[in-house]
Amino acid sequence: MRNTTNTIDKMNACIVCVAEALNGTGTYCSDVLMNSAGLKRETIRMTHLLRTALYPQIFGENTGDYELSPITVSYCLQQAADILKTLLKTMLKDDVKTETFMRQFFADLPRIKAKLETDIRAAYNGDPAAKSIEEIMLAYPAFEAISIYRLAHRLYELNLPIVPRIMTEYAHKISGIDIHPGATIGDYFFIDHGTGVVIGETCVIGDHVKLYQGVTLGAKSFKLDEDGNPVKGIKRHPQIGNHVIIYSGTTILGGNTVIGDNCVIGGNLWLTHSVDSGKIVLAVQDSPKFIDAL
8 MRNTTNTIDK MNACIVCVAE ALNGTGTYCS DVLMNSAGLK RETIRMTHLL RTALYPQIFG
68 ENTGDYELSP ITVSYCLQQA ADILKTLLKT MLKDDVKTET FMRQFFADLP RIKAKLETDI
128 RAAYNGDPAA KSIEEIMLAY PAFEAISIYR LAHRLYELNL PIVPRIMTEY AHKISGIDIH
188 PGATIGDYFF IDHGTGVVIG ETCVIGDHVK LYQGVTLGAK SFKLDEDGNP VKGIKRHPQI
248 GNHVIIYSGT TILGGNTVIG DNCVIGGNLW LTHSVDSGKI VLAVQDSPKF IDAL
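Every number in our numbering is 7 more than the matching position in the sequence shown, counting from 1.
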C-alpha cells in the first residue's frame, strides 16, 4: 500500500511540474488567445446556424424545419448574432463598432444567399452527372465549401480577425477544398469533385469559373522584408477572368499572373505567366506507351 501511495504522489508531483512548464514557457499569448476558450467551437456553431438560416431545409436538424422555416430562420439568426456579438466584444472591445459590424454583416445575408444561388445553378448546369438541384445542395463538397466561404469572406471584408479563417478551415476539413476567406470570387462559381483545390488569399476569380480537383491558385514566391520574413498584404496570387475552365492537377502561381476571359487551361500544368483571353492551354507530353500484359 505504501509503495502504491508513493507512486501516486510521485505521479502527481510530476504532473504539477509538467503543467507549470507547459504554462510558463515557449507559448505566444495575446489578449485574443487569453480569451479564446471555445472560440473554434463557437465559430463552427455560428457557421452552422448561419447556413441553417440560409437553407433550413438542407442544414436544419429537424425534419420539420422546412415547414417552420420562418421560425427556424429567426431563431438561427438570433443565436448566430449572440455568438458573433460575444466574439466581437472579445476582439473589438468597442460596443459601438460591434453593433455597426453586426448590422452590416446580417444585412448582407440576402446578397450572400443570392450569390450562392448562382453557384448552385453553375454546379447543376456544369455537371452532367447532377440529376437535380437537391443533389447539388445535399451531396456536393463544392456547396459545403463555397457556402461557408461566402459567409467567411464577408466577415473578412469587415476586418474581423481569426474567425473567417476558422470558418474556411472547417470547410476545408469537411470538403477537402481550401479557400482562403480573403479570396475574391465572382458569381456562378463551381468546383467539380473538389479534393485538393487550394485558392489563396489574394486570388481574384471572375464570373462563370469552373475548377476541377487538385487545382492550386497559389503564390509563386514571397517578397521578404529586411528581417527576411515574408511581406504581408501584397498581391501574391493569380487573377482568373470570366468564363474560365481549369482542369485537374493544374497549378497557377503568382500575383502578376492573369488568366484572361474565355480561357481553357488543361490538366497537370504549371503556369507562372499570364494567358491572353480566348486561349486553350494544353500540356505537351509524349504519347502513352502500350505494353502487352503478362
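C-beta: ideal position from N, C-alpha, C; glycine also.
Under the three-state reduction of DSSP, residue 12 is assigned to helix. Residue range 258-260 is occupied by the beta strand (DSSP E) that includes residue 260. One Cα belongs to residue 80, the other to residue 212, and the distance between them is close to 31 Å. Taken through DSSP and simplified to helix, strand or coil, residue 167 comes out as coil. For residue 225, the uninterrupted beta strand (DSSP E) segment begins and ends at 223-225. A direct Cα-Cα distance of roughly 12 Å separates residue 225 from residue 265.
In the DSSP annotation of this structure, the continuous segment of the beta strand (DSSP E) that includes residue 217 starts and ends at 216-219. Assignment of residue 292 by DSSP, reduced to helix, strand and coil, places it in the coil class. Boundaries for residue 297: no beta strand (DSSP E) harbours it, and the DSSP string shows neither H nor E there. With the rule of 3 Cβ pairs closer than 8 Å, the stretch 214-228 does not count as touching the stretch 158-167. If you compare the alpha carbons of 199, 44, 155, 192 with that of residue 181, the shortest gap goes to 155.
Residue 22 and residue 53 have their C-alpha atoms spaced approximately 36 Å apart.
By the C-beta density criterion, residue 290 is exposed, having fewer than 16 other C-beta atoms within 10 angstroms. Rounded to the nearest whole angstrom, the C-alpha separation of residue 132 and residue 143 is 11 Å.
Taking C-beta separations shorter than 6 Å and ignoring five residues to either side along the sequence, the partners of residue 283 in its chain run 267, following chain order. In its chain, beyond the 5 residues on either side, 55, 58, 59 have a beta carbon closer than 7 Å to the beta carbon of residue 66. When DSSP states are grouped into helix, strand and coil, residue 77 belongs to the helix group.
Between the alpha carbons of residue 250 and residue 199 lies a distance of about 15 Å.
Residue pairing for residue 234: DSSP places it in no beta bridge.
With contacts defined as CB atoms closer than 8 Å, residue 241 and residue 230 qualify as a contacting pair. In the three-state reduction of the DSSP assignment, residue 196 falls in the strand class. For residue 251, the enclosing beta strand (DSSP E) covers residues 251-253. Scanning 193, 28, 113, 237 for the CA closest to the CA of residue 123 turns up 193.
Per DSSP, residue 280 lies in no alpha helix (DSSP H) and is assigned neither H nor E.
Per the coordinates, the alpha-carbon of residue 46 lies some 8 Å from the alpha-carbon of residue 94.
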